[in-house]
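*Asks:* One structure, pasted below without further comment.
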Amino acid sequence: MRTTRWKKKRLSIIKRDNAHCQRCVIKYNIINNQSLTVHHIKPRNQYPELMFDDTNLITLCQTCNGQLGTSGELDFEFHMPDEHIPVL
1 MRTTRWKKKR LSIIKRDNAH CQRCVIKYNI INNQSLTVHH IKPRNQYPEL
51 MFDDTNLITL CQTCNGQLGT SGELDFEFHM PDEHIPVL
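Numbering-wise, the working numbering puts 16 at position 16 of the sequence shown, and it's gapless, one number per residue.
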């Protein structure tokens, strides 16, 4: 999580998600851009091959990230923006 590759990927995902917690926006209709993290939907310890996969990453605030934990799924429907260009 401290590698240059991860730092670039993290910034790319936050930019893709408009620097808002996607759970707060979609589930609660709240714009929240505080304490943002990038969450692995499928836990990275169980799915290491998805560590840098854009479809497995989503921007969440620390609170939402903690509430979802490592369940392996989201409790809301998320559609990745079409215009996103992956950064490796």
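Where is the CB? At the ideal position from N, CA and C, for every residue including glycine.
Keep in mind the model is a prediction, meaning the values are calculated, not measured.
In chain order, which beta strand (DSSP E) runs of at least 3 residues are fully inside the stretch 2 to 32?
*Replies:* With a minimum length of 3 residues, no continuous beta strand (DSSP E) run stays inside the stretch 2 to 32.
*Asks:* Could you tell me the boundaries of the beta strand (DSSP E) in which L172 lies?
*Replies:* The question about residue 172 has no answer here: the residues shown for the chain are numbered 1 through 88.
*Asks:* Pick out whichever of I14, T3, W6 and E49 has its Cα sitting closest to the Cα of Q34.
*Replies:* Among I14, T3, W6 and E49, the Cα nearest to that of Q34 is on I14.
*Asks:* Identify which residue in W6, E49, Y47 and C24 has its Cα closest to the Cα of L68.
*Replies:* With distances taken between Cα atoms, L68 lies closest to C24.
*Asks:* Taking only the alpha-carbon atoms, compute the straight-line gap between S59 and H20 and give it to the nearest angstrom.
*Replies:* Before going further, note that residue 59 is Thr rather than Ser in the sequence given. Those two C-alpha atoms are separated by around 7 Å.
*Asks:* With H, G and I counted as helix, E and B as strand and the rest as coil, what does DSSP make of K74?
*Replies:* According to the sequence provided, residue 74 is Leu. The question's Lys does not apply to it. Note: L74 maps to coil in three-state DSSP.
*Asks:* Quick one: what does DSSP say L88 is sitting in, helix, strand or coil?
*Replies:* Only weak support is given to the placement of L88: the predicted model assigns it a pLDDT of 44, under 50, and the value that follows is read from those uncertain coordinates. In the structure shown, L88 sits in coil (DSSP, three-state: anything other than H, G, I, E or B).
*Asks:* Within 10 angstroms of its Cβ, does Q22 collect 16 or more other Cβ (buried), or is it exposed?
*Replies:* Buried is the call here.
*Asks:* Using alpha carbons as the reference points, say which of R2, K7, C61 and G72 lies closest to L55.
*Replies:* The question names Leu, but residue 55 is Thr in the sequence shown. When only C-alpha atoms are compared, the closest one is G72.
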